[in-house]
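547 is the number of the first residue of the sequence shown in our numbering; add one for each residue after it. We put the beta carbon where it would ideally sit given N, CA and C, even for glycine. Data block below; observations after.
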Amino acid sequence: MSGHPVLGGARVLVTGGASGIGEGLCRRFASLGADVLVADIADASALAAQIGGRSVRLDVADAGAWDALAAAEDGFDVVALNAGVTTVPHVVGGAVEQPLAAVGVSDYRRIMGVNVDGVVLGTMALLPGMLARGGGQILVTASLAGLVPIPPEPIYGLTKHAVVGFVRSLGPALAPHGVTVSALCPGFVDTPLVSDVSRELIEAFSLGIMPVEAVADLAVRALEERQPGSLWTAIAGREPVRFEPANPFP
Ligand SMILES: NC(=O)c1ccc[n+]([C@@H]2O[C@H](COP(=O)([O-])OP(=O)(O)OC[C@H]3O[C@@H](n4cnc5c(N)ncnc54)[C@H](O)[C@@H]3O)[C@@H](O)[C@H]2O)c1
547 MSGHPVLGGA
557 RVLVTGGASG
567 IGEGLCRRFA
577 SLGADVLVAD
587 IADASALAAQ
597 IGGRSVRLDV
607 ADAGAWDALA
617 AAEDGFDVVA
627 LNAGVTTVPH
637 VVGGAVEQPL
647 AAVGVSDYRR
657 IMGVNVDGVV
667 LGTMALLPGM
677 LARGGGQILV
687 TASLAGLVPI
697 PPEPIYGLTK
707 HAVVGFVRSL
717 GPALAPHGVT
727 VSALCPGFVD
737 TPLVSDVSRE
747 LIEAFSLGIM
757 PVEAVADLAV
767 RALEERQPGS
777 LWTAIAGREP
787 VRFEPANPFP
């Protein structure tokens with residue numbers, strides 16, 4: 547086991563851990579000595595076996611499922627609330643002229659359930675245990691789309707701005723209790739979430755796309771630096787930075 551100061555021997559939960567960024571987080575955290583529970587609506591047992599962890603089926607939008615998880619598995623040192631979806635397959639590009647035209651009410655409810663409820667309900671379920679134990683870290687995978695506009699996917703942008711606001715507000719409130727809440731705000735990452743059409747545009751406009759390992763690097767840095775309410779950005783080809791929004795009342 548590694549002697550990593552945060553992750554060595556830590557009990558860690560990663561939602562959306564079966565694929566993409568979540569899988570990258572699970573692999574990195576396990577390599578640093580964490581005991582990882584991979585939670586996903588999809589089967590993650592093969593990944594869990596590879597990294598010496600465990601897996602659980604979890605729909606992050608389901609409050610009852612969170613209560614059951616907390617009753618069975620509480621005691622996490624680090625909770626990575628990472629599961630997320632888009633409303634339309636093409637986060638950039640796509641054929642529609644008016645982005646909302648392609649989005650039905652059920653698409654809207656679904657993305658709010660995963661991207662917003664999944665973060666809020668997970669925090670509500672697992673925070674009491676952290677407070678009772680006097681510490682822990684909650685790391686939310688937001689997005690660069692939580693800091694800048696994403697015109698082709700306004701509801702995705704809404705959900706990511708929402709969780710950024712949640713993290714920025716909760717961070718200072720929980721700091722005195724030893725619980726750190728922070729968020730990752732990466733640009734494009736090479737995962738199944740990014741469609742072929744989006745990839746063509748990313749390439750055409752030289753926007754850059756990062757490997758999941760770059761987000762894992764960012765996650766480890768955020769957990770090591772442990773800054774309440776902090777936002778960590780990574781964009782292909784640039785140095786990762788802690789982003790501090792301007793004070794609107796200078
Ligand atoms: N790929 C990118 O360019 C990018 C950039 C910035 C932020 N993000 C964010 O990173 C996070 C991970 O996305 P990804 O790119 O790895 O996508 P992905 O599609 O590869 O992985 C998402 C995972 O979430 C799981 N999931 C979906 N709905 C769920 C639910 N209701 N309950 C539990 N698990 C559920 C999926 O089964 C999948 O394993 C998301 O929050 C996404 O918004 C992605």
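| query | result |
| --- | --- |
| With DSSP run on the structure shown, which of helix, strand or coil describes residue 751? | coil |
| Classify residue 674 as buried or exposed, calling it buried when 16 or more other Cβ atoms lie within 10 Å of its own Cβ. | exposed |
| Between 732, 785 and 558, which lies nearest to residue 616 when the distance is taken from Cα to Cα? | 558 |
| Is DSSP giving residue 776 helix, strand or coil here? | coil |
| In angstroms, rounded to a whole number, what distance separates the CA positions of residue 607 and residue 632? | 14 angstroms |
| Between the alpha carbons of residue 714 and residue 600, how many angstroms are there, rounded? | 31 angstroms |
| With respect to the alpha helix (DSSP H) encompassing residue 701, which residues constitute its N-terminal and C-terminal limits? | 700-720 |
| Can you tell me whether residue 746 is buried or exposed? The criterion is at least 16 other CB atoms within 10 Å of its CB, across all chains shown. | exposed |
| Measure the beta-carbon distance from residue 701 to residue 649 and round it to whole angstroms, keeping in mind my assumption that it falls under 8 angstroms. | 6 angstroms |
| Return helix, strand or coil for residue 577, following the three-state DSSP convention. | helix |
| Which residues share a DSSP beta bridge with residue 729? | 686 and 777 |
| Under 7 angstroms: does the beta carbon of residue 507 sit that close to some heavy atom of ligand 1? | Here the chain has residues from 547 to 796 only, and residue 507 is not among them. |
| What does a CB cutoff of less than 7 angstroms around residue 582 pick up in its chain, not counting 5 residues either side in sequence? | 558, 560, 572, 575, 576, 597 and 599 |
| Quick check: does the Cβ of residue 669 come within less than 7 angstroms of any heavy atom belonging to ligand 1? | no |
| Can you list every residue whose CB sits closer than 6 angstroms to some heavy atom of ligand 1, going in chain order? | 561, 562, 564, 565, 566, 567, 568, 586, 587, 588, 604, 605, 606, 607, 628, 629, 630, 631, 660, 687, 689, 732, 734, 735, 737, 738, 739 and 740 |
| Based on DSSP bridge pairs, tell me the residues matched to residue 789. | 777 |
| Can you tell me which of the three DSSP states residue 693 falls into? | coil |
| Is the distance from the Cβ of residue 660 to the Cβ of residue 630 below 8 angstroms? | yes |
| What separation, rounded to the nearest whole angstrom, lies between the Cα atoms of residue 767 and residue 758? | 14 angstroms |
| Kindly indicate the opening and closing residues of the beta strand (DSSP E) around residue 559. | 557-561 |
| Quick one: residues in its chain with C-beta nearer than 7 angstroms to the C-beta of residue 671, no 5 flanking neighbours on either side, listed in chain order? | 612, 613, 615 and 616 |
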